[in-house]
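Here the sequence shown stands for residues 4 to 387, numbered as in my numbering. All C-beta atoms in this analysis are idealised placements derived from N, C-alpha and C, irrespective of residue type, glycine included.
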Amino acid sequence: MIMTSTGLPEMGTMLAKSTGSFIATVGLIIMLGAGVGEVATRTGAAVELVKFVVHRIGLSSQTRVKLGIVISSILICGALGTMAGGNAIIVAVIIPVAAAVRLTPPTVAALMMTAGSIGLFTGPFTPSTVTILKLGGLSYPDYLLYVGLPMSAVTLLAGWLMAGRIQKMTEGKLRYEVDLAEKTQEQASAAVSKRRKLSALAFAATIIVMAVVGVVIKAGFSFAIIVMLLVALITGLVGGLRPTQILQALYHGCGRLVWMFILYWLYNPILELMDGLHAYQGLLDYTQPLLEGISPAWLCFCIFAFNIIGHVPGAAVAQMTFTHKIFGPMLMAAGVRRREPLRCCWPHRRWTGLARSPLRICLGRWGWRSRPISNTCSITAGLS
Numbered sequence: 004m005i006m007t008s009t010g011l012p013e014m015g016t017m018l019a020k021s022t023g024s025f026i027a028t029v030g031l032i033i034m035l036g037a038g039v040g041e042v043a044t045r046t047g048a049a050v051e052l053v054k055f056v057v058h059r060i061g062l063s064s065q066t067r068v069k070l071g072i073v074i075s076s077i078l079i080c081g082a083l084g085t086m087a088g089g090n091a092i093i094v095a096v097i098i099p100v101a102a103a104v105r106l107t108p109p110t111v112a113a114l115m116m117t118a119g120s121i122g123l124f125t126g127p128f129t130p131s132t133v134t135i136l137k138l139g140g141l142s143y144p145d146y147l148l149y150v151g152l153p154m155s156a157v158t159l160l161a162g163w164l165m166a167g168r169i170q171k172m173t174e175g176k177l178r179y180e181v182d183l184a185e186k187t188q189e190q191a192s193a194a195v196s197k198r199r200k201l202s203a204l205a206f207a208a209t210i211i212v213m214a215v216v217g218v219v220i221k222a223g224f225s226f227a228i229i230v231m232l233l234v235a236l237i238t239g240l241v242g243g244l245r246p247t248q249i250l251q252a253l254y255h256g257c258g259r260l261v262w263m264f265i266l267y268w269l270y271n272p273i274l275e276l277m278d279g280l281h282a283y284q285g286l287l288d289y290t291q292p293l294l295e296g297i298s299p300a301w302l303c304f305c306i307f308a309f310n311i312i313g314h315v316p317g318a319a320v321a322q323m324t325f326t327h328k329i330f331g332p333m334l335m336a337a338g339v340r341r342r343e344p345l346r347c348c349w350p351h352r353r354w355t356g357l358a359r360s361p362l363r364i365c366l367g368r369w370g371w372r373s374r375p376i377s378n379t380c381s382i383t384a385g386l387s
């Protein structure tokens, strides 16, 4: 405020406009996701969904249980848009099952972290996906095919291998203190159990249907708000909650993440003040000479490394927005286009021999060979 000579009345106007900004809307989506999670918890929908996945896959071996943990975490975290909230819901079901096959706590933690990340990568209404679709100008199918699924495959492979390694290192040293002979005191009646299963079905079906509708009508990022409210309403009604109880559950869940909404609401004025200082253009002018001779691939990698070192803790959406504001002009100046995802790695015609393989084409166009590049790669679905 001091550097831009912004007065208090102007700052108040800026805060008022920030309420309807993109980044504040994403904060609202995050808060609503916590509310939906509370509704799913009170109706038993989330727990029943996890039980269905785990028991369908089987409990006969560590591998089956690990796979059940991964799939459950992906589904719940991807549906709610929060790793902490999603994994907190499934942990009550997962821990006794993991203890029964002697999985150690670090192994389960690694699996849940891996799977939760994949859920955030692939979920249609997660805050990170909504932000990438808005900033990157991609449709959800394109994002899923060229960004979400490849990232998920790499993350799953690394996480699965590390979980196996961690299990070998910690087996016999660490374990869950769970009495496997103890039975659950609460025995739900047949009617209650049926209602919980129906609410789980309604929860999953509503998200799937709304995701398809969003793709068909090409809905914008704000469509996620309607989806969250509709999922909470349908899940709650099918689960036997009255409208007032659904609202109370939403209030209780959203109340846990009000701080996140306020944080995102305050981020937008910061971005506007930095715009007023022409900070982004100054950074571009300063770094423009350094970009000469650097291929788009290496530029993207440098920005990627910068984001690892200088990340904003607990605020991935804010991180992506800042990255877009700061480095977007650099990427454009270097010839990195916004909407040609992996075209360089997927030629439109058949190839014969190693010389025309996708790998050679990709390396050539990304600047990792001596011949000139054709700057058509886009690694920046989440950056530009």
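Every unbroken alpha helix (DSSP H) inside the stretch 100 to 124 [4 residues or more]: none
Contact under 8 Å by Cβ, residue 2 with residue 53: Limits of the chain in this structure are 4 at one end and 387 at the other, which puts residue 2 out of reach.
Same chain only: Cβ atoms within 7 Å of residue 154, ignoring 5 sequence neighbours per side: 124
Through-space distance from residue 113 to residue 165, alpha-carbon basis: 8 Å
CB of residue 26 within 8 Å of CB of residue 231, strictly: no
Proximity test, residue 272 beta-carbon vs the ligand MN heavy atom, cut-off 7 Å: Because no ligand of any kind appears in the structure shown, any question about the ligand MN cannot be addressed here.
Close beta carbons around residue 269, own chain, < 7 Å, minus the five adjacent residues each side: none
Proximity of residue 173 and residue 66 at Cβ, strictly below 8 Å: no
Those runs of the alpha helix (DSSP H) which lie wholly inside the stretch 195 to 244 and span at least 4 residues: 226 to 241
Inter-residue CB distance, residue 253 and residue 38 (contact presumed, cutoff 8 Å): 4 Å
Cβ pair count under 8 Å reaching 3, the stretch 10 to 19 against the stretch 243 to 260: no
Residues bridged to residue 180 (per DSSP): DSSP output for residue 180 lists no bridge partner at all.
Contact check, residue 235 vs residue 42, beta carbons under 8 Å: yes
Reference residue 332; option with closest CA among 303, 319 and 320: 303
Residue 168 burial status per 10 Å Cβ neighbour count (16 or more: buried): exposed
Neighbourhood of residue 362 by C-beta, 7 Å cutoff - its chain only, sequence neighbours within 5 removed: Low local confidence applies: a pLDDT of 36 at residue 362 is under 50, so the model's placement there is unreliable, with the coordinate-based value given in what follows. Here the set comprises nothing.
Cut-off 6 Å between Cβ atoms - residues of its own chain near residue 209, not counting five sequence neighbours on either side: 234 and 237
Whether residue 227 touches residue 111 by CB criterion (8 Å): no
When 330, 224 and 307 are compared against residue 23, the one with the closest alpha-carbon: 224
Outcome for residue 327 when other beta-carbon atoms lying within 10 angstroms are tallied against a minimum of 16: buried
C-alpha gap between residue 297 and residue 82, whole angstroms: 40 Å
Residue 289 versus 179, 264, 211 and 330, residue with shortest Cα-Cα distance: 330
N-terminal and C-terminal residue of the alpha helix (DSSP H) that residue 279 is part of: 261 to 279
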